[in-house]
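Peer 1: Which chain is which? The protein sequence lines are P and C, in order.
Numbering of the first sequence is given in UniProt numbering, commencing with residue 1 and proceeding in unit increments.
Numbering of the second sequence is given in UniProt numbering, commencing with residue 1 and proceeding in unit increments.
There are 2 protein chains.
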Amino acid sequence: MKKMIMLVAMSLAYAAAVAAPDDATLRDQAKAAGLLPIPPGVPEVAGNPITREKIDLGRMLFFEPRLSASGLISCNTCHNLGMGGDDNLPTSVGHGWQQGPRNAPTVLNAVFNKAQFWDGRAEDLKEQAKGPIQAGVEMANQPEQVVITLKSMPEYVERFSRAFPNEPDPVTFDNMAKAIEAFEVTLVTPGAPFDDWLEGNAAAMTDEQKQGLALYIERGCAACHAGVNFGGQDYYPFGLIKRPGADILPPEDKGRFEVTGTASDEYVFRAAPLRNIALTAPYFHSGQIWDLEQAVAVMGTAQLGTEISNEEAALIASFLQALTGEQPRVEYPILPVETADTPRPDLSALPLPAYME
Amino acid sequence: MKKMIMLVAMSLAYAAAVAAPDDATLRDQAKAAGLLPIPPGVPEVAGNPITREKIDLGRMLFFEPRLSASGLISCNTCHNLGMGGDDNLPTSVGHGWQQGPRNAPTVLNAVFNKAQFWDGRAEDLKEQAKGPIQAGVEMANQPEQVVITLKSMPEYVERFSRAFPNEPDPVTFDNMAKAIEAFEVTLVTPGAPFDDWLEGNAAAMTDEQKQGLALYIERGCAACHAGVNFGGQDYYPFGLIKRPGADILPPEDKGRFEVTGTASDEYVFRAAPLRNIALTAPYFHSGQIWDLEQAVAVMGTAQLGTEISNEEAALIASFLQALTGEQPRVEYPILPVETADTPRPDLSALPLPAYME
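#1: Given a cut-off of 8 Å on the beta-carbon distance, is the pair Glu326(P) and Pro190(P) in contact?
#2: Rounded to a whole number of angstroms, what is the C-alpha to C-alpha distance between Val147(C) and Ala295(P)?
#3: Which value, in whole angstroms, describes the spacing of the CA atoms of Ser92(C) and Ala24(C)?
#4: So, Pro65(C) versus Gly58(C), is the Cβ gap smaller than 8 Å?
#5: Taking all protein chains shown into account, do 16 or more other C-beta atoms lie within 10 angstroms of the C-beta of Gln209(C), making it buried, or fewer, making it exposed?
#6: Between the alpha carbons of Gly131(C) and Ala302(C), how many angstroms are there, rounded?
#7: Within 8 Å of any Cβ in chain C, is that where the Cβ of Met1(P) sits?
#8: What does a CB cutoff of less than 8 Å around Gly34(C) pick up in its chain, not counting 5 residues either side in sequence?
#9: Judging by CA-CA distance, which residue of Lys151(C), Glu184(C), Glu293(C), Met299(C) is the nearest neighbour of Arg243(C)?
#10: Would you mind telling me which residues of chain C sit closer than 9 Å to Glu331(P), beta carbon to beta carbon, in chain order?
#11: State the Cα-Cα distance for the pair Asn109(P) and Pro273(P), rounded to the nearest angstrom.
#12: Please confirm if the region 151 to 158 of chain C is in contact with the region 96 to 104 of chain C, defined as three or more CB-CB distances below 8 Å between the two stretches.
#13: Do you know how far the Cα of Arg270(P) is from the Cα of Phe117(P)?
#14: Can you name the residues of chain C whose CB is closer than 8 Å to the CB of Phe183(P)?
#15: Hey, Val107(P) and His79(P) are a contact pair by Cβ (cut 8 Å); roughly how many whole angstroms apart?
#16: Contact defined as beta carbons within less than 8 Å: I believe Ile277(P) pairs with Ile248(P). What is the distance between those atoms, to the nearest angstrom?
#17: Taking the beta carbon of Arg329(P) as the centre, do at least 16 other beta carbons fall within 10 Å, making it buried, or is it exposed?
#18: Enumerate in chain order the residues of its own chain whose CB-to-CB distance from residue 362(C) is below 6 Å, with the five nearest sequence positions on each side excluded.
#19: On the CB-based measure, 16 or more other CB atoms within 10 Å of its CB, does Arg344(P) come out buried or exposed?
#20: Here's the rule I'm using: 16 or more other beta-carbon atoms within 10 Å means buried, otherwise exposed. How should Arg52(P) be labelled?
#21: For a cutoff of 8 Å on Cβ pairs, would you count Phe63(C) as touching chain P?
#22: In or out: Lys54(C) buried (at least 16 other Cβ within 10 Å) or exposed?
#23: Using the rule of at least 16 other Cβ atoms within 10 Å of the residue's Cβ for burial, across every protein chain shown, is Thr324(P) buried or exposed?
#24: Mind checking if Pro345(P) is an interface residue toward chain C, Cβ cutoff 8 Å exclusive?
#25: Is it true that the CB of Gln142(C) sits closer than 8 Å to the CB of Gln134(C)?
#26: Quick one: is Val42(P) buried, meaning 16 or more other Cβ sit within 10 Å of its Cβ, or exposed?
#27: Going along chain P, which residues have a C-beta under 7 Å from Ala340(C)?
#28: Nearest to Ile73(C) by CA position, among Trp97(C), Ala281(C), Ala203(C), is which residue?
#29: Assign Lys178(P) to one of two classes, buried (16 or more other C-beta atoms within 10 Å of its C-beta) or exposed (fewer than that).
#30: Check each candidate in Val171(C), Pro154(C), Gly305(C) and name the one with the smallest Cα separation from Ile241(C).
#31: With H, G and I counted as helix, E and B as strand and the rest as coil, what does DSSP make of Tyr156(C)?
#32: Starting from Pro132(C), trace the alpha helix (DSSP H) both ways and give me its first and last residue.
#33: Mapping DSSP to helix, strand and coil, what is Gly227(P)?
#34: Where Gly85(C) and Cys75(C) are concerned, what is the direct C-alpha to C-alpha distance, given to the nearest angstrom?
#35: Starting from Arg270(C) and walking both ways along the beta strand (DSSP E), at which residues does that stretch end?
#36: State the Cα-Cα distance for the pair Met1(C) and Ser264(C), rounded to the nearest angstrom.
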């Protein structure tokens, strides 16, 4: 009985938070706020026509640990396709068990972002793909070494030739990145409850999720988190109204300032894309918040200058759950066998095994 | 012209090495030597009836990094299904980037081994699966913590209930291991050229491979490396005739002696299974030899007390290539999303990120 009273009290609290309008009105509001469904078909990208051969090659390269110096770390290590396209760690772990400075963004739907990385320093996915491979704290490799590795395996040479026909020297670092981009544009997650609802299926979202959507628009979340990806479209200071604590916003990481050198870009980051956000805790570039409702509340204080109540945060988080789409089903690739010419794994950063000490 | 003369000379050398008998005779010899094809169907294992529900659950667990303390390392990290079921490293890298003492054996066809690990310390795959999860240098986790992790995610609880029906408490460390075993018994590689040839397709192996097979039997390789897995059936001292150097046989690793405590088990190891051996360099428990022909030559000296010539080693290695079967095609699993109750990744062994130093 006590439980029932609590439930009724909670329902009243929810009802008080916001009265969601009828479906047709809410749909109009969502569209007016720029909230878009995942478009059908494989997205097109500039300067890289997508072919089946490129996608298949890119799938192999995405799961290829020999793109890293150690032979142990692949794109999928930090952008795990079974875990929402990220690693569910605060910040990623790379070569020599070093911890990177920022939380790994999801690769899912990344093609719909305006630019890549938290600070937008890569224009597109093919540019992005080159970064972690070379970063000392991530895969710690060199482009020349990657090309030597790929050229050492006849199956890769053949697959690059087919993916990049009529090129005299198809196995290049650039073409590797283009193939990875071709695979990554297929990593989209249509069919989220929100998308179904937007297309007219009133039952696809719960009443709570509709209330959450109404709040999401009303409170101003959609001002920064809109478009196909509910974010990923522009840059904003983290702490626009009130700067969060150093745990959430480490003072040494100045965000986009490190890319542009412009003073006004200090602590500026790309608004996080929110599709599949329920799958990709922990949150923010520092990866210190595991709870989605808490993350919503932080956003209210830091970005909107408004106190979002627990009940409202729960409703908005409930709506954000409706952005979880169908996860890509991918066949795990069989990779080419190395040859005598394949560079050996560089484990030089390793401590010696016990018997060699 | 010079090249042609060399080729002729090489052919003569090959011919001199061994004259392969006709196919029918060679088949009889192979069967008499105990060389067996991969049996059809899903293998049965003791105490663990294989069901579709268990296999599907086991596939998720095999790729589940949250079975490790760090949330980063899964079974597939060291037993990569895209790379012959191992990691192509000398010895595996685990928690905190520690290097383990031995080369990771392939998971492919492992069900056909008499026992698991280089020293046979696990009776079967379900026993084996529990080892690396708890090993401090590998996944560094604890059974209790694994169960807490799995029980924290409703989808796992549901899947364990379906895989282990009528059990009052299906989410256990033992059942986790049974599900992994159920998936692993499906990781077999039929259709190798040798198997096709044994079944009567004379063209499935080249003449060189048939010469290599004849040598493999004649020189005594099949005495230890026979059965379905061409090995994995019994234990032998490494250095039966002549002990290899410390690079190949590190003196501190006494092999099966550490399991049995019996003096005669010093430097005794399970004969390596040779199916898909061409995919799983580097070789031996120390993982120090990358070249298959060199590994064959080492075996001749150490185990057979015979000098295997370069030409003979090339023929035998050519035959071993015929043991590469069809690699398992596996859909990459979509894993359950963590909850507030899921233990957080333990990255305590990590150095602090730069901005926190």
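Virtual Cβ for every residue (Gly too), placed ideally from N, Cα, C.
Quantities reported herein were computed from a predicted structural model and do not represent experimental measurements.
Peer 2: Looking at the atomic coordinates:
#1: Cβ distance < 8 Å, so Glu326(P) and Pro190(P) count as in contact.
#2: So the two alpha carbons sit approximately 28 Å from each other.
#3: Approximately 42 Å between the Cα atoms of the pair.
#4: Not closer than 8 Å, so no.
#5: Flag for Gln209(C) reads buried.
#6: One C-alpha to the other measures close to 30 Å.
#7: A caution first: Met1(P) carries a pLDDT of 45, below 50, which makes its placement in the model unreliable, though a value can still be read off. Not a single C-beta of chain C is nearer than 8 Å to the C-beta of Met1(P).
#8: Beyond the five residues adjoining it in sequence on each side, Gly34(C) comes within less than 8 Å, by CB distance, of Ala222, Ala226, Gly227 in the same chain, given in chain order.
#9: Answer by Cα proximity: Met299(C).
#10: Residues of chain C passing the Cβ test: Arg329, Val330, Glu331, Tyr332.
#11: Between the C-alpha atoms of Asn109(P) and Pro273(P) there is a straight-line separation of about 9 Å.
#12: By the C-beta criterion, the region 151 to 158 of chain C is judged not to be in contact with the region 96 to 104 of chain C, since fewer than 3 inter-stretch pairs fall below 8 Å.
#13: Answer to the nearest angstrom: the Cα atoms are 8 Å apart.
#14: Going along chain C, no residue has its Cβ under 8 Å from Phe183(P), so there is no contact; the nearest lies around 13 Å.
#15: The pair is a contact, with the Cβ atoms about 4 Å apart (cut-off 8 Å).
#16: Wrong, their Cβ atoms sit about 16 Å apart, outside the cutoff.
#17: Only exposed fits Arg329(P), as fewer than 16 other CB atoms lie within 10 angstroms of its CB.
#18: Given that chain C is displayed from residue 1 to residue 357, the structure contains no residue 362(C) and the question cannot be resolved.
#19: Classification for Arg344(P): exposed.
#20: In summary, Arg52(P) is exposed, with fewer than 16 beta-carbon neighbours lying within 10 Å of its beta-carbon over all protein chains present.
#21: Put simply, the CB of Phe63(C) is near chain P, with a gap under 8 Å to one of its CB atoms.
#22: A residue is called buried once 16 or more other Cβ atoms fall within 10 Å of its Cβ, and Lys54(C) is buried on that count.
#23: So Thr324(P) counts as buried.
#24: With 8 Å as the cut-off, Pro345(P) counts as an interface residue toward chain C.
#25: Yes, the pair counts as a contact, with Cβ atoms nearer than the cut-off.
#26: It counts as exposed.
#27: Taking a Cβ-Cβ threshold of 7 Å, the residues of chain P close to Ala340(C) are Asp291, in chain order.
#28: Nearest option by C-alpha distance: Trp97(C).
#29: Lys178(P) is classed as buried because its beta carbon has at least 16 other beta carbons within 10 Å across all chains shown.
#30: When only C-alpha atoms are compared, the closest one is Gly305(C).
#31: In the structure shown, Tyr156(C) falls within a helical segment according to DSSP collapsed to helix, strand and coil.
#32: For Pro132(C), the enclosing alpha helix (DSSP H) has its first and last residue at 125 to 134.
#33: Gly227(P): strand per DSSP, three-state reduction.
#34: Distance between the alpha carbons of Gly85(C) and Cys75(C): 10 Å.
#35: Per DSSP, Arg270(C) belongs to the beta strand (DSSP E) from 268 to 270.
#36: Since pLDDT at Met1(C) reaches only 45, below the 50 mark, its modelled position is unreliable, and no value is offered.
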